[in-house]
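Structure record follows, encoded as structure tokens.
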Amino acid sequence: AGYIVASSCKDVIHDQHWLAATYTRFAVPYFIYDIYAMYLCYEHKHKLKGHSGGWSLTRAYLYKEFLMILHHVFMVAVCFPVSVLWRDGKGDFFLGCMLMAEVSTPFVCFGKILIQYKKQHTLLHRVNGVLMLVTFFCCRLLLFPYMYWVYGQRVGLPLYRVPFNLSPEYNLGAAILMAPQVYWFYLICRRAYTLFRQSVLSQRPKNGHPAPVSTSAKEQDCSQ
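Numbering (the UniProt record's numbering), first residue to last: 1 to 224.
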């Protein structure tokens with residue numbers, strides 16, 4: 001939806017696309033449901049470990065997922081009214097760009113599924129991790145300077161001068177939206193580095209002896 005909206009708006013300020021308003025209204029119940037769905041998953045995992053529910057569980061959930069919940073609440077309470085009421089029909093291109101941030105979400109979710117099935121050391125998990133890093137970086141981090149650059153092309157300004165030509169609330173909104181993305185990207189990179197380091201260490205020789213060759217590898221050598 002985001003790509004369709006953004007690619008259809010030749011004038012990045014005034015062009016409109018019907019999906020911009022429709023998809024935004026669809027996103028509101030999604031964010032509300034996602035908060036509840038995350039809580040159900042959190043509750044289920046703790047019940048499997050034998051922990052009790054109640055307010056203590058809810059408080060632990062709010063503490064653990066504070067940033068994600070804050071992001072969802074901000075999207076519903078602030079971004080939705082701004083996109084529907086305050087924009088006055090302008091800037092559908094930029095709204096489409098913001099919707100493209102969800103391109104990385106399937107790879108994030110698929111990575112968690114692979115971890116649930118103990119597949120975090122497989123080639124599939126590594127490939128998915130690379131795709132997740134690339135799409136997250138491009139669609140959630142590079143997205144903001146790209147939108148500034150596009151606006152600069154529209155008004156005839158170089159990229160470095162665009163922030164000084166905008167009202168403070170635009171820059172503040174971009175900073176608020178980008179801050180959690182930077183933090184999440186840092187967590188993704190740290191997790192990727194940890195898995196890579198574990199993989200390298202597991203292949204190193206121990207006590208001067210090479211790592212044992214698996215049965216499947218021996219059979220493959222014999223067949224050759």
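From the three backbone atoms N, C-alpha and C, an ideal C-beta is built for every residue, glycine too.
Mind checking residue i: buried by the 16 CB within 10 Å criterion, or exposed?
i	result
residue 226	Because the chain here runs from 1 to 224, residue 226 falls outside it and cannot be looked at.
Ser104	buried
Asp92	buried
Thr135	buried
Cys9	buried
Val130	exposed
Val182	exposed
Ile188	buried
Trp18	exposed
Using alpha carbons as the reference points, say which of the options lies closest to residue i.
i	options	result
His121	Val12, Ser199, Ser7	Ser199
Leu177	Leu141, Asp11, His17, Leu85	Leu141
Asp88	Arg197, Ala192, Gln16	Gln16
Arg197	Lys90, Phe136, Leu143, Arg126	Arg126
Ile32	Tyr117, Phe80, Gln116	Phe80
Tyr39	Trp86, Arg59, Thr22	Arg59
Ile115	Arg191, Thr22, Ile69	Arg191
Ala20	Ile188, Glu169, Lys90	Lys90
Arg161	Glu169, Gly173, Pro145	Pro145
Cys102	Pro158, Thr194, Gln153, Phe137	Looking at the sequence shown, residue 102 is not Cys but Glu. Considering only alpha carbons, the answer is Phe137.
Cys41	Leu157, Pro158, Thr194, Ile113	Ile113
Ile13	Pro158, Trp184, Leu85, Gln153	Gln153
Trp86	Thr194, Tyr193, Glu169	Glu169
Gly173	Ser52, Met98, Tyr193	Met98
Ala37	Phe185, Ser167, Glu65	Glu65
Kindly list the residues whose CB is nearer than 6 Å to the CB of residue i, restricted to its own chain and excluding five residues on each side of it in sequence; keep chain order.
i	result
Leu67	Pro180
Asn128	Phe107, Phe110, Gly111
Gly96	Gly2, Val5, Ala6
Trp55	none
Only counting the same chain, and skipping five residues up and downstream in sequence, which positions put a Cβ closer than 8 Å to that of residue i?
i	result
Met100	Gly2, Tyr3, Ala6, Cys139, Leu143
Leu159	Pro145, Tyr148, Trp149, Gly152
Whole-angstrom Cβ separation of residue i and residue j, contact assumed at under 8 Å?
i	j	result
His46	Leu62	Wrong, their Cβ atoms sit about 14 Å apart, outside the cutoff.
Met147	Phe94	6 Å
Asn165	Val150	Not confirmed; about 13 Å, so no contact.
Here's a check: name, in chain order, each residue in its chain whose Cβ is nearer than 7 Å to the Cβ of residue i, leaving out the five neighbours to either side.
i	result
Asp34	His72
Ser83	Thr24, Leu95
Lys119	His125
Asn171	Pro163
Leu157	Asn165
Ile69	Ile35, Leu62
Contact criterion: CB-CB distance below 9 Å. Does residue i meet it with respect to chain B?
i	result
Cys41	Checking the listed chains, one finds no chain B in this structure; it contains a single protein chain.
Closer than 8 Å to a non-hydrogen atom of the ligand FMN - does that hold for the CB of residue i?
i	result
Ser83	As far as ligands go, the structure on display features none, and thus does not contain the ligand FMN.
Report yes or no: do three or more beta-carbon pairs, one from the segment 25-39 and one from the segment 74-82, lie closer than 8 Å?
yes
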